[in-house]
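Student: Before anything else, here's the structure in question.
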């Protein structure tokens, strides 16, 4: 269970507001705008790529707060706005290179075009079918380029292709 010390939380918020005011030459708190900016980017990205975290408001709020903190620290260190924003975006998207949805739909399009229709509705149906069918295989796996460039990543990819092939053979597709 998460418990917060209100004094610590309030002090942190005041500190962030003060830092935000230092970064700008005007006299308003841009923190709310910046948090909304990062929140919307993350929500859209997670939803578009169908990450399960897309519905987790606490996760999104925590990740958004961290991205904002990275941005503020970078600006205070003297980095230009665009560099600070890139650092914040990297913190925002850390660990979200590829979703199981993107991975499976990519495999279906690349490896199984002879077995299924390539219409969007068909790909979506089969992708969700295999996400459910293969959920145990995805536990503890972070999908991404670094993972797939390893032997373990290639074995994982081939295992998933094999499981999908067996499924299609078993059901006569």
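Numbering (this note's numbering), first residue to last: 800 to 972.
Even glycine gets a Cβ: it sits at the ideal position worked out from N, Cα and C.
Treat the numbers as computed from the prediction; the structure is a model and nothing was measured.
#1: Please confirm whether residue 943 and residue 894 have their CB atoms less than 9 Å apart.
#2: Taking the straight line between their C-alpha atoms, what separation do you get for residue 966 and residue 858?
#3: Here's the rule: buried if 16 or more other CB atoms are within 10 angstroms of the residue's CB, otherwise exposed. What is residue 921?
#4: Does the region 913 to 932 come into contact with the region 878 to 894, if we say contact requires no fewer than three beta-carbon pairs (one atom in each stretch) closer than 8 Å?
#5: Once the 5 residues before and after residue 925 are set aside, which same chain residues still bring their CB inside 7 Å of it?
#6: Quick check on residue 845: buried or exposed, where buried means 16 or more other Cβ atoms within 10 Å of its Cβ?
#7: Just the Cα atoms here: how many angstroms apart are residue 840 and residue 887?
#8: By the three-class DSSP mapping on this structure, what secondary structure does residue 918 have?
#9: Determine the extent of the alpha helix (DSSP H) in which residue 888 is found, giving its start and end residues.
#10: Compute the Euclidean distance between the alpha carbons of residue 898 and residue 874, then round it to the nearest angstrom.
#11: Exposed or buried, residue 948, counting other C-beta atoms within 10 Å across all chains shown (16 or more means buried)?
#12: To the nearest angstrom, report how far apart residue 969 and residue 959 are at their CA atoms.
#13: Let's test the definition: count the other Cβ atoms within 10 Å of the Cβ of residue 954 and tell me whether it reaches 16, buried, or not, exposed.
#14: Which class does residue 827 belong to by DSSP, given the choice of helix, strand or coil?
#15: Taking the alpha helix (DSSP H) that residue 865 belongs to, which residues open and close that run?
#16: Excluding the 5 residues flanking residue 883 on each side, which residues of the same chain have their C-beta closer than 6 Å to its C-beta?
Tutor: With the given structure in hand:
#1: The residue you call residue 943 lines up with position 144 of the chain shown. The residue you call residue 894 lines up with position 95 of the chain shown. Contact: yes.
#2: Counting from one through the chain shown, the residue named residue 966 turns up at place 167. Counting from one through the chain shown, the residue named residue 858 turns up at place 59. The straight-line gap separating the alpha-carbon atoms of residue 966 and residue 858 is approximately 34 Å.
#3: Walking along the chain shown from the start, residue 921 turns up at place 122. Looking at its Cβ environment, which holds fewer than 16 other Cβ atoms inside 10 Å, residue 921 is exposed.
#4: Output reads no: the region 878 to 894 does not touch the region 913 to 932.
#5: In the chain shown, counting from the first residue as 1, residue 925 sits at position 126. Shown here for residue 925: same chain residues with a beta carbon closer than 7 Å to its own, the five before and five after excluded, namely 907, 915 in chain order.
#6: If you number the chain shown from 1, residue 845 lands on position 46. Its Cβ being crowded by 16 or more others within 10 Å, residue 845 is buried.
#7: For the purposes of this step, residue 840 is taken as residue 41 along the chain shown, with counting starting at 1. For the purposes of this step, residue 887 is taken as residue 88 along the chain shown, with counting starting at 1. For residue 840 and residue 887, the gap between their C-alpha atoms comes out near 11 Å.
#8: Working through the chain shown from its first residue, we reach residue 918 at position 119. Assigned with DSSP and collapsed to three states, residue 918 falls in coil, not helix or strand.
#9: Stepping through the chain shown from its first residue, residue 888 is reached at position 89. First-last of the alpha helix (DSSP H) with residue 888: 880 to 892.
#10: Here residue 898 refers to the residue found at position 99 of the chain shown. Here residue 874 refers to the residue found at position 75 of the chain shown. Taking the straight line joining both Cα atoms gives about 31 Å.
#11: Taking the chain shown and counting its residues from 1, the one referred to as residue 948 is at position 149. Exposed.
#12: Within the chain shown, numbered from 1, the residue matching residue 969 stands at position 170. Within the chain shown, numbered from 1, the residue matching residue 959 stands at position 160. Distance between the alpha carbons of residue 969 and residue 959 is about 15 Å.
#13: On the chain shown, position 155 is the one that residue 954 refers to. By the 10 Å Cβ count, residue 954 comes out exposed.
#14: As a first step, residue 827 must be located in the chain shown, where it is residue number 28. Residue confidence for residue 827 is low, a pLDDT of 39 falling below 50, so the modelled location carries little weight; the figure read from the coordinates is stated next. Look at residue 827 here: in three-state DSSP terms it is coil, with no helix or strand label.
#15: Stepping through the chain shown from its first residue, residue 865 is reached at position 66. That run of the alpha helix (DSSP H) goes 856 to 875.
#16: Within the chain shown, numbered from 1, the residue matching residue 883 stands at position 84. Taken in chain order, the residues that qualify are 870, 873, 874.
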